[in-house]
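Engineer:
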Amino acid sequence: MTTQRTALVTGASRGIGFAIAQRLARDGVYVYGTATSKEGVASLNETLGDAGCGLEMVLPDEESISNALDSIAASGRTIEILINNAGITRDNLFMRMSDQDWQDVVGTNLTGVFRVTKNLIRAMMRQRWGRIVNLGSVVGQAGNPGQVNYSSAKAGIEGFTRALALEVASRGITVNCVAPGMIETDMTSGLPDSVAESLKSRIPLGRLGQPDDVASVVSFLVSEDAAYITAQTVHVNGGMLPT
10 MTTQRTALVT GASRGIGFAI AQRLARDGVY VYGTATSKEG VASLNETLGD
60 AGCGLEMVLP DEESISNALD SIAASGRTIE ILINNAGITR DNLFMRMSDQ
110 DWQDVVGTNL TGVFRVTKNL IRAMMRQRWG RIVNLGSVVG QAGNPGQVNY
160 SSAKAGIEGF TRALALEVAS RGITVNCVAP GMIETDMTSG LPDSVAESLK
210 SRIPLGRLGQ PDDVASVVSF LVSEDAAYIT AQTVHVNGGM LPT
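Quick note: the sequence shown uses my numbering, first residue 10, plus one each step.
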């Protein structure tokens, strides 16, 4: 009999994280999804049902991370699959970007990944099996005006992924990055038609991606079929950034 795997998906209450949590649950994984509000937790509980539950976690707050992980430990489950998806934006031109804008984005999007992973990787090493997928972005390589903080954090995630993968490969743990391009989420749905069309014109496939396009890649990377893939960045961008 196959033992059910357990996953933690950060930033799972909407968008790409929500799609990933749902997909892993359909794959038979028990999913803990995090949200920054009680409303988000309630939504996850309703969506996941018996296949998982929601947890409140605010990155990069160490106490918040500890409380959420203590709740998981109390349930008797061990996280074997970690999806570092949570992230924020504080866009502004560099000359107008405040220290707080920088600290907020790098603290959540990069330091948050470090702290959650650090708390969970020891158990993966003991059991000699683990899957870590970090969500990057096309702007981590391409850059984007007004997103120096976000682009820096996402580029950092790629470096974090490669270095960590080399450290833990001998313990049966794979670490990969999935870098989405322009994905249709709450953030992009409010764009004016002219802006949306301009974005589409930069994408060879001629459309914005869907959250499920990203979730499908994550599903593969955490499966046994991807056991020989590690230290890689997989781009999901419709050809927007040829590699």
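Glycine is no exception: its CB is placed at the ideal position from the N, C-alpha and C atoms.
On a predicted model such as this, the values are computed, not experimentally measured, just so you know.
Might you give, ordered along the chain, the residues of its own chain that have their beta carbon closer than 6 Å to the beta carbon of LEU91, omitting 5 neighbours on each side?
Structural biologist: Within the sequence shown, residue 91 is the residue found at index 82, counting from 1. Only LEU17, LEU129, ILE141 meet the Cβ criterion.
Engineer: My output table needs one value for ASN76: the three-state DSSP class, helix, strand or coil.
Structural biologist: Here residue 76 is taken as the residue at index 67 of the sequence shown, counted from 1. Residue state, collapsed to three classes: helix.
Engineer: Does the distance from the CB of GLY96 to the CB of GLY20 come in under 9 Å?
Structural biologist: On the sequence shown, residue 96 is found 87 positions in, with the first residue counted as 1. On the sequence shown, residue 20 is found 11 positions in, with the first residue counted as 1. Closer than 9 Å, so yes.
Engineer: Give me the DSSP bridge partner(s) of GLY63.
Structural biologist: Within the sequence shown, the letter at position 54 stands for residue 63. In the DSSP output, where bridge partners are listed per residue, GLY63 has GLY42.
Engineer: At the level of alpha carbons, what is the spacing between GLU42 and ARG32?
Structural biologist: Along the sequence shown, read from residue 1 onward, the residue named residue 42 stands at position 33. Along the sequence shown, read from residue 1 onward, the residue named residue 32 stands at position 23. The residue you asked about is not Glu; residue 42 is Gly in the sequence shown. One C-alpha to the other measures close to 12 Å.
Engineer: Could you check the C-alpha separation between VAL115 and GLU55 for me, to the nearest Å?
Structural biologist: Indexing the sequence shown from 1 puts residue 115 at position 106. Indexing the sequence shown from 1 puts residue 55 at position 46. Going by the C-alpha atoms only, they are around 31 Å apart.
Engineer: Helix, strand or coil: which one does DSSP assign to THR56?
Structural biologist: By one-based count along the sequence shown, residue 56 stands at place 47. Three-state result, THR56: helix.
Engineer: Going along the chain, which unbroken runs of the alpha helix (DSSP H) with 4 or more residues stay wholly within the stretch 177-238?
Structural biologist: 195-198, 202-210, 220-230
Engineer: Using a threshold of 9 Å, state whether the C-beta atoms of CYS62 and LEU68 are closer than that.
Structural biologist: Taking the sequence shown and counting its residues from 1, one reaches residue 62 at position 53. Taking the sequence shown and counting its residues from 1, one reaches residue 68 at position 59. Not in contact: CYS62 and LEU68 (Cβ atoms no closer than 9 Å).
Engineer: Tell me which residue opens and which closes the alpha helix (DSSP H) that ARG6 is part of.
Structural biologist: Look at the range of the chain in this structure, 10 to 252, and you will see that residue 6 is not part of it.
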